[in-house]
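Student: Following this message is one structure expressed as structure tokens.
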Amino acid sequence: ASAAGAMVVGGLWLWLRGIDASSTAVILWGQPLALTAVNQNLLLLLLAGLTILFALSTVFASGDWFVPAGLLGFSFLAGSLLIRPFSIAILLVLLAAGILTLIVQAGKAGSVRGSLRYLLAHLLAVPLLLIVNSQIEQQSISLLPISQLTALAALLLLAGFPFHIWLQAVVDGTEPLPLTLVVGLAPLVPLMLLFQFIDAISVNTLFTQLIWLSGGLTLLVAGVLAITAVHLKRLIGSVLLLDMAFTILCLTLPLRVGWETAVSLQIGRFGSLLLLAGGWELLKRQLANWPLDKFPIGLGRQSPMGLALLGLGLFSLIGLPLTLGFGGRWRLLTAVAELANQGDIPLWLPAIGLFSLGLGAIAILRLLVTLLAAQPDDEAAVKSDPVWLQAVVGFVLLAATWLALFPQTFLSLVPLLQIF
390 ASAAGAMVVG GLWLWLRGID ASSTAVILWG QPLALTAVNQ NLLLLLLAGL TILFALSTVF
450 ASGDWFVPAG LLGFSFLAGS LLIRPFSIAI LLVLLAAGIL TLIVQAGKAG SVRGSLRYLL
510 AHLLAVPLLL IVNSQIEQQS ISLLPISQLT ALAALLLLAG FPFHIWLQAV VDGTEPLPLT
570 LVVGLAPLVP LMLLFQFIDA ISVNTLFTQL IWLSGGLTLL VAGVLAITAV HLKRLIGSVL
630 LLDMAFTILC LTLPLRVGWE TAVSLQIGRF GSLLLLAGGW ELLKRQLANW PLDKFPIGLG
690 RQSPMGLALL GLGLFSLIGL PLTLGFGGRW RLLTAVAELA NQGDIPLWLP AIGLFSLGLG
750 AIAILRLLVT LLAAQPDDEA AVKSDPVWLQ AVVGFVLLAA TWLALFPQTF LSLVPLLQIF
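Here the sequence shown stands for residues 390 to 809, numbered as in the numbering used here.
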């Protein structure tokens with residue numbers, strides 16, 4: 390099923406790539422559809438990501454629902470991009486979230502909490518966006534604070550404080566590849582809708598302050614959770630929350646800069662999660678059930694290539710130099726610093742961001758040191774990966790390093806997705 394899904398999605402990518410985008414609307418079931426150049430490029434990006442994930446699912450564990458639910462969820466996300474009435478597009482995003490909960494749950498009893506929290510966040514956010522859309526379409530006096538409602542919906546969808554708890558629950562109950570799809574690829578569509586809503590409403594000071602406050606608190610919470618984590622999934626969830634917090638802050642930047650920065654961060658997150666998923670799976674082959682109260686000492690010695698992938702993926706999520714995530718993080722930090730110098734952003738916000746990144750880096754280093762520590766009781770336990778696996782992982786590491794050194798290779802996709 391995984392190989393067939395990869396071929397189907399790859400065929401869709403080739404077919405869509407050959408279509409000439411047009412701004413002319415097409416009527417389907419009474420609703421106007423329009424394939425613009427931006428929509429086409431975003432769909433191509435989603436299809437390329439799905440092809441990679443489905444191909445990897447032939448090797449790594451992903452659950453029985455991964456391919457069929459991924460295809461159905463993509464169809465709803467594609468519809469939300471093509472349908473012009475925002476009310477229908479928002480409802481399609483909710484349907485896509487409902488399908489993606491099947492990927493999170495994957496038939497495992499321990500994943501119910503994560504899937505339900507993920508779905509609940511969307512169930513709460515979508516009505517808020519529908520109210521905002523109704524106020525915009527009626528062009529009447531707003532009886533409700535639509536700026537604040539938009540901010541609240543954004544925080545629900547992007548795991549901003551105090552709604553960040555659904556993200557850790559998803560990480561706890563999800564395999565690496567499904568996590569990459571749900572958090573690394575699918576959020577591109579609701580993120581685009583959020584920026585279009587921000588463009589349509591009159592953003593006031595309270596909206597900006599809410600995003601600043603929630604984003605800053607999310608950064609602090611993520612940093613503290615990362616430095617205190619004693620389990621790999623807890624650390625991954627905390628570092629991922631740290632990355633999501635920076636996306637939240639993009640909502641307060643000038644629209645063009647904010648959208649480009651958010652897309653850069655999302656592309657970097659997808660690549661980082663792919664690296665992390667590969668390393669995670671290789672280490673799980675050495676020890677399927679990790680202890681819940683500590684990191685397994687010396688496990689990285691049994692799979693050094695897996696440890697390298699895991700470490701590079703985690704460092705990429707916090708955007709350290711020479712990683713895939715550095716391009717988007719640098720774009721955001723420079724934009725925030727410039728606005729802070731002009732007095733448009735409080736100085737405490739970039740300070741909290743750098744402090745939280747430092748906490749995340751220390752937490753990752755602590756994990757890597759523990760995984761590389763010698764096992765005092767059994768020196769013979771040290772073993773290496775097969776030669777073919779070392780060659781494949783080595784190629785992946787070289788490709789990731791090359792993309793990190795020349796980020797314009799994948800960041801050149803950002804101008805193709807410009808909506809402002």
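Glycine included, every Cβ here is placed at the ideal spot set by N, Cα and C. All values reported here derive from a predicted model rather than from experimental measurement.
For Arg674, tell me which candidate among Leu786, Asn522, Leu706 and Pro775 has the shortest Cα-Cα distance.
Tutor: If you number the sequence shown from 1, residue 674 lands on position 285. Among Leu786, Asn522, Leu706 and Pro775, the Cα nearest to that of Arg674 is on Pro775.
Student: Can you look up His511 in the DSSP assignment and give me helix, strand or coil?
Tutor: Taking the first residue of the sequence shown as position 1, residue 511 is located at position 122. Three-state DSSP puts His511 in a helix.
Student: Taking DSSP as the reference, what is the three-state secondary structure of Asn430?
Tutor: Translated into the one-based positions of the sequence shown, residue 430 becomes position 41. Reduced to three states, the DSSP call for Asn430 is helix.
Student: Report the CB separation of Thr440 from Gly487 in whole angstroms; it is logged as a contact under 8 Å.
Tutor: Counted from its first residue, the sequence shown places residue 440 at position 51. Counted from its first residue, the sequence shown places residue 487 at position 98. Contact flag wrong, Cβ pair sits at about 23 Å.
Student: I need the boundaries of the alpha helix (DSSP H) containing Gly742, first residue and last residue.
Tutor: Walking along the sequence shown from the start, residue 742 turns up at place 353. First-last of the alpha helix (DSSP H) with Gly742: Trp737 to Leu761.
Student: For Asp409, which residues of its own chain have a beta-carbon under 7 Å away from its beta-carbon, when the five flanking residues on both sides are left out?
Tutor: By 1-based counting over the sequence shown, the position of residue 409 is 20. For Asp409, where only same-chain residues beyond five positions count, there are no Cβ hits under 7 Å.
Student: Answer yes if the region 501-515 comes into contact with the region 548-564, meaning at least three C-beta pairs across the two stretches below 8 Å, and no otherwise.
Tutor: Touching, yes.
Student: With DSSP collapsed to three states, give me the class of Ala724.
Tutor: If you number the sequence shown from 1, residue 724 lands on position 335. If DSSP states are grouped into helix, strand and coil, Ala724 belongs with the helices.
Student: Could you tell me which of Thr798, Leu582 and Leu642 sits nearest to Ile656, measuring between CA atoms?
Tutor: Here residue 656 refers to the residue found at position 267 of the sequence shown. Comparing Cα positions, the closest option is Thr798.
Student: If I'm right that Ala633 touches Ala548 with Cβ under 8 Å, what's the distance once you round it to whole angstroms?
Tutor: Along the sequence shown, one-based indexing puts residue 633 at 244. Along the sequence shown, one-based indexing puts residue 548 at 159. Per the sequence presented here, residue 633 reads as Met, with Ala not at that position. Yes, Met633 and Ala548 are in contact; Cβ-Cβ is about 5 Å, under 8 Å.
Student: Considering Cα atoms alone, identify which of Val521, Gln557 and Arg473 is closest to Leu505.
Tutor: Here the question's residue 505 lines up with position 116 in the sequence shown. Comparing Cα-Cα distances from Leu505 to each of Val521, Gln557 and Arg473, the minimum goes to Gln557.
Student: Only counting the same chain, and skipping five residues up and downstream in sequence, which positions put a Cβ closer than 7 Å to that of Ala724?
Tutor: Counted from its first residue, the sequence shown places residue 724 at position 335. If we look at Ala724 and ignore the five residues flanking it on each side, its Cβ neighbours are Leu642, Val646 and Thr650.
Student: By the DSSP assignment, the alpha helix (DSSP H) with Ala589 in it spans what residues?
Tutor: On the sequence shown, position 200 is the one that residue 589 refers to. Counting along the chain, the alpha helix (DSSP H) containing Ala589 begins and ends at Leu577 to Ala589.
Student: Which of helix, strand or coil does DSSP assign to Phe795?
Tutor: One-based indexing of the sequence shown puts residue 795 at position 406. In this structure, Phe795 counts as coil in the three-state DSSP scheme.
Student: Do the region 682-702 and the region 716-735 touch if we need at least three Cβ pairs shorter than 8 Å?
Tutor: Too few Cβ pairs lie closer than 8 Å, so no.
Student: Taking Gly573 as the reference, give the member of Leu509, Arg718, Ala666 and Leu471 with the closest Cα.
Tutor: Here residue 573 corresponds to residue number 184 of the sequence shown, with the count starting at 1. For the residues Leu509, Arg718, Ala666 and Leu471, the minimum Cα distance to Gly573 belongs to Ala666.
Student: Using the Cα positions of Pro457 and Phe715, report the straight-line distance between them to the nearest angstrom.
Tutor: By 1-based counting over the sequence shown, the position of residue 457 is 68. By 1-based counting over the sequence shown, the position of residue 715 is 326. About 33 Å.
Student: From His620 to Val559, what does the alpha carbon distance come to, in whole angstroms?
Tutor: Taking the first residue of the sequence shown as 1, we reach residue 620 at position 231. Taking the first residue of the sequence shown as 1, we reach residue 559 at position 170. Approximately 15 Å between the Cα atoms of the pair.
Student: Based on Cα-Cα distance, which residue from Leu728, Leu672, Thr490 and Ala750 lies nearest to Pro567?
Tutor: The count along the sequence shown starts at 1 and reaches residue 567 at position 178. Residue Thr490 is the option with its Cα nearest to Pro567.
Student: What residue from Pro579, Asp588 and Met581 has the CA that sits closest to Ser536's CA?
Tutor: To locate residue 536, count along the sequence shown from 1; it is residue 147. That would be Asp588, whose Cα lies nearest to the Cα of Ser536.
Student: Below 8 Å on the Cβ atoms is my contact criterion, and I expect Leu792 with Leu713 to pass it. Report the Cβ-Cβ distance as a whole number of Å.
Tutor: On the sequence shown, position 403 is the one that residue 792 refers to. On the sequence shown, position 324 is the one that residue 713 refers to. At roughly 6 Å, the Cβ-Cβ gap stays under 8 Å, so Leu792 and Leu713 are in contact.
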